[in-house]
Amino acid sequence: MPVRQVIEEGRVPVRIYTGEIEAQARRQLVNVSQLPIVHHHVAAMPDVHTGIGATVGSVIATHRAIIPAAVGVDIGCGMIATRTSLTADDLDESSLKRLFDQISRDVPVGRDQHKESRALDEAAKPFGRSLKRILGRHPQLETRFPRTQNWVCQMGTLGGGNHFIEVCLDEASHVWTMLHSGSRGIGNAIGTYFIELARRDAERRELNLPDRDLAYFEEGAAHFDDYVEAVGWAQGYAAANRHAMVNLVLAAMRRHLPDFVVTSEVVNCHHNYVEREHHYGRDVWVTRKGAIRARAGELGIIPGSMGAKSYIVRGKGSEESFQSCAHGAGRRMSRTQAARTYTSRDLVEQTRGVLCRKDKGVVDEIPAAYKSIDEVMENQRDLVDTVHTLKQVICVKG
Numbered sequence: 547m548p549v550r551q552v553i554e555e556g557r558v559p560v561r562i563y564t565g566e567i568e569a570q571a572r573r574q575l576v577n578v579s580q581l582p583i584v585h586h587h588v589a590a591m592p593d594v595h596t597g598i599g600a601t602v603g604s605v606i607a608t609h610r611a612i613i614p615a616a617v618g619v620d621i622g623c624g625m626i627a628t629r630t631s632l633t634a635d636d637l638d639e640s641s642l643k644r645l646f647d648q649i650s651r652d653v654p655v656g657r658d659q660h661k662e663s664r665a666l667d668e669a670a671k672p673f674g675r676s677l678k679r680i681l682g683r684h685p686q687l688e689t690r691f692p693r694t695q696n697w698v699c700q701m702g703t704l705g706g707g708n709h710f711i712e713v714c715l716d717e718a719s720h721v722w723t724m725l726h727s728g729s730r731g732i733g734n735a736i737g738t739y740f741i742e743l744a745r746r747d748a749e750r751r752e753l754n755l756p757d758r759d760l761a762y763f764e765e766g767a768a769h770f771d772d773y774v775e776a777v778g779w780a781q782g783y784a785a786a787n788r789h790a791m792v793n794l795v796l797a798a799m800r801r802h803l804p805d806f807v808v809t810s811e812v813v814n815c816h817h818n819y820v821e822r823e824h825h826y827g828r829d830v831w832v833t834r835k836g837a838i839r840a841r842a843g844e845l846g847i848i849p850g851s852m853g854a855k856s857y858i859v860r861g862k863g864s865e866e867s868f869q870s871c872a873h874g875a876g877r878r879m880s881r882t883q884a885a886r887t888y889t890s891r892d893l894v895e896q897t898r899g900v901l902c903r904k905d906k907g908v909v910d911e912i913p914a915a916y917k918s919i920d921e922v923m924e925n926q927r928d929l930v931d932t933v934h935t936l937k938q939v940i941c942v943k944g
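Written out as structure tokens, the structure reads:
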């Protein structure tokens with residue numbers, strides 16, 4: 547469907563791909579639209595919901611400036627998926643249980659990381675020299691990274707929250723592996739550090755901002771180039787982290803399932819990031835906060851909740867969305883509200899047929915806490931075509 551509503555209360559319009567939006571998310575979109583650096587309009591995807599400063603599910607094009615809090619602290623968070631030659635006939639309850647346990651052993655989740663003896667040094671090695679250069683200019687960054695964490699040992703680890711690893715079946719019963727993760731502790735350190743620098747710069751320049759979390763660096767300013775380098779480093783690390791985990795999951799599958807080959811190109815896409823692009827006659831910085839790029843012919847991944855369908859999509863290159871689409875179902879209630887509203891018994895019911903945790907500790911990720919993925923997909927028919935529809939049989943939560 548095309549844009550469902552337009553808000554014209556700021557310096558530029560806000561174009562929204564859904565008729566349903568919370569009041570706070572609407573206010574955040576208006577706040578962004580008032581900034582003098584925003585180019586042409588702000589686009590809000592069908593999964594739009596309240597974030598910190600900028601709305602999750604928003605696409606913000608800025609001229610000669612970047613808003614670090616819009617990029618966020620899980621820099622480069624995104625999805626990766628690959629199809630195998632296995633089919634549903636190659637799976638049974640016993641092998642799936644063994645596979646679930648193997649993935650849970652091989653891929654650290656939550657706050658856990660690989661032991662030094664099992665660190666994925668080769669995957670991490672390409673990032674060492676450039677990180678050292680960044681830390682040389684900003685040594686304070688190291689104080690934000692707890693001694694108990696190590697960016698090398700976190701390579702190939704999932705993290706917590708809504709991050710997950712899934713084994714899925716598509717519409718033709720082919721087996722896929724798919725996962726959601728980002729730049730882990732080092733990305734969080736980079737994000738929070740530069741967000742605070744941007745706030746201090748805004749205070750020093752006495753910028754009149756509608757929200758302190760919308761502080762921005764302008765090209766030529768003291769920290770702009772350093773932020774671009776650091777955020778690019780974190781985005782590269784996030785993509786490599788996902789790729790390393792897919793290799794671990796495929797290795798686990800080879801231990802417990804029949805022989806197979808990977809039969810499709812790996813799709814690896816960010817949905818929290820910033821990149822230089824050309825839109826509406828200008829080279830601009832495009833921040834996708836909870837949105838994926840959907841250029842014409844480009845493949846992307848749009849996951850549902852842990853009990854719902856997910857989609858492999860092909861972009862249509864819609865310029866009105868800045869060649870973007872939704873990144874998932876989007877939350878319709880906070881984690882606290884979900885934990886208060888639902889029980890582990892509700893979780894068991896809503897994840898029937900999926901091998902996953904069903905205890906109180908993950909009730910905040912219950913499918914009912916998310917918007918309908920089918921409605922999200924319907925609202926972005928103008929933005930993407932569906933290539934494959936996936937349904938999970940295993941879900942390992944962070």
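Under our numbering, the first residue of the sequence shown carries the number 547, and numbering increases by one thereafter. Heads up, the beta-carbon is just placed ideally off N, CA and C, and yes, glycines get one too. It should be emphasised that the depicted structure is a prediction, and the values quoted were computed from it without experimental measurement.
Per DSSP, the beta bridge partners of K835 are S604 and N818. For V830, the pairing in a beta bridge is given by DSSP as E823.
For P559, the closest alpha carbon among the candidates V605, D652 and I598 is that of V605. Going by beta carbons, L893 and L642 fall outside the 9 angstroms limit. When C-alpha distances from E764 are compared across D747, R758, D757 and A780, the shortest belongs to D747. Between the alpha carbons of G618 and D805 lies a distance of about 41 angstroms. Residue pairing from DSSP places Y916 in a beta bridge opposite R877. In this structure, T630 lies near W722, with their beta-carbon atoms less than 9 angstroms apart.
Taking every protein chain shown into account, the CB of A744 has 16 or more other CB atoms within 10 angstroms, so this residue is buried. The alpha-carbon separation between L803 and D931 amounts to approximately 32 angstroms. Cα atoms of M724 and M852: separation of roughly 12 angstroms, rounded to the nearest angstrom. Here the alpha carbon of T596 sits roughly 24 angstroms from the alpha carbon of D928.
Using a C-beta cut-off of 8 angstroms, the region 766–775 makes no contact with the region 635–654, since fewer than three inter-stretch Cβ pairs fall below that distance. Here DSSP, grouped into helix, strand and coil, assigns L929 to coil.
In terms of CA proximity to N793, A627 leads the group A615, A627, R839 and R758. Going by C-alpha positions, A669 is about 22 angstroms away from V807.
In the structure shown, Y773 adopts helical secondary structure according to DSSP, grouped into three states. In this structure, the beta-carbon distance from G876 to D593 falls below 9 angstroms. Secondary structure of T633 (DSSP, three-state): strand. Restricting attention to Q686, S729, A600 and G682, the CA atom closest to the CA of Q659 is found in S729. Taking all protein chains shown into account, S640 has fewer than 16 neighbouring C-beta atoms within 10 Å of its C-beta and is therefore exposed.
In the same chain as Q570, and ignoring 5 residues on each side of it, the C-beta atoms closer than 7 angstroms to its own belong to T596, in chain order.
Note on T897: 16 or more other CB atoms within 10 angstroms of its CB, so buried under the neighbour-count rule. If you draw a straight line from the Cα of E568 to the Cα of Y783, it is about 33 angstroms long. Here the C-alpha atom of K835 lies approximately 25 angstroms from the C-alpha atom of Q938.
With a cutoff of 9 angstroms on beta-carbon distance, V655 and G705 are scored as near each other. Y739 is positioned such that its CB atom lies closer than 9 angstroms to that of Q686.
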